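My numbering numbers the first residue of the sequence shown as 656 and each following residue consecutively. Where a beta carbon is used, it is the ideal one built from N, C-alpha and C, also for glycine. Since we're looking at a predicted model, the values are computed, not measured. Report on the following structure.
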Amino acid sequence: MTIRITANQAELPHNNETNKITIREGSLAGASLAGTIARQIGTGEHARDSFIWMTLKYCFRLGGAFSVFILLAYMYYVVIKNEPEKIDIISFLKDVWSIFTPILTLALGYAFGKRERDKEN
656 MTIRITANQA ELPHNNETNK ITIREGSLAG ASLAGTIARQ IGTGEHARDS FIWMTLKYCF
716 RLGGAFSVFI LLAYMYYVVI KNEPEKIDII SFLKDVWSIF TPILTLALGY AFGKRERDKE
776 N
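Written as structure tokens, this is what we have:
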């Protein structure tokens, strides 16, 4: 398939010929185009590193968001309702971070541990 693009006359040099640019669809000769996920995280070694850092970022953000929500709920029960025993903030915070801590340590161990192994070889 051939696509023809013709420039406006104002952009062309002043001559009697019409300049045309031809682009052939198969001109990349087997080069792969990046998909949706590859555009976001990259390819090869960059994809592995990018995936780890995305995991770390979202774990910290989610853990932090849940922690802030728990703190706001605690403040609601302490300040407005005057019932601080209604919510056990330490237990809730411990439960939230017990979910994210193993994921964070696994990702950090992979991110920095593999670098040490690569240097030894």
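Of TYR765, PHE767, GLY768 and SER753, the smallest CA-CA separation from PHE715 is found for SER753.
By the neighbour-count criterion, in which 16 or more other beta carbons inside 10 Å mark a residue as buried, ILE745 falls on the exposed side.
Here the region 703 to 710 lies against the region 748 to 768, with 3 or more beta-carbon pairs under 8 Å apart. Distance from the CA atom of PHE755 to the CA atom of ILE735, rounded to whole angstroms, is 30 Å. Inter-residue distance for ARG703 and LEU717 is about 21 Å (C-alpha atoms, whole angstroms).
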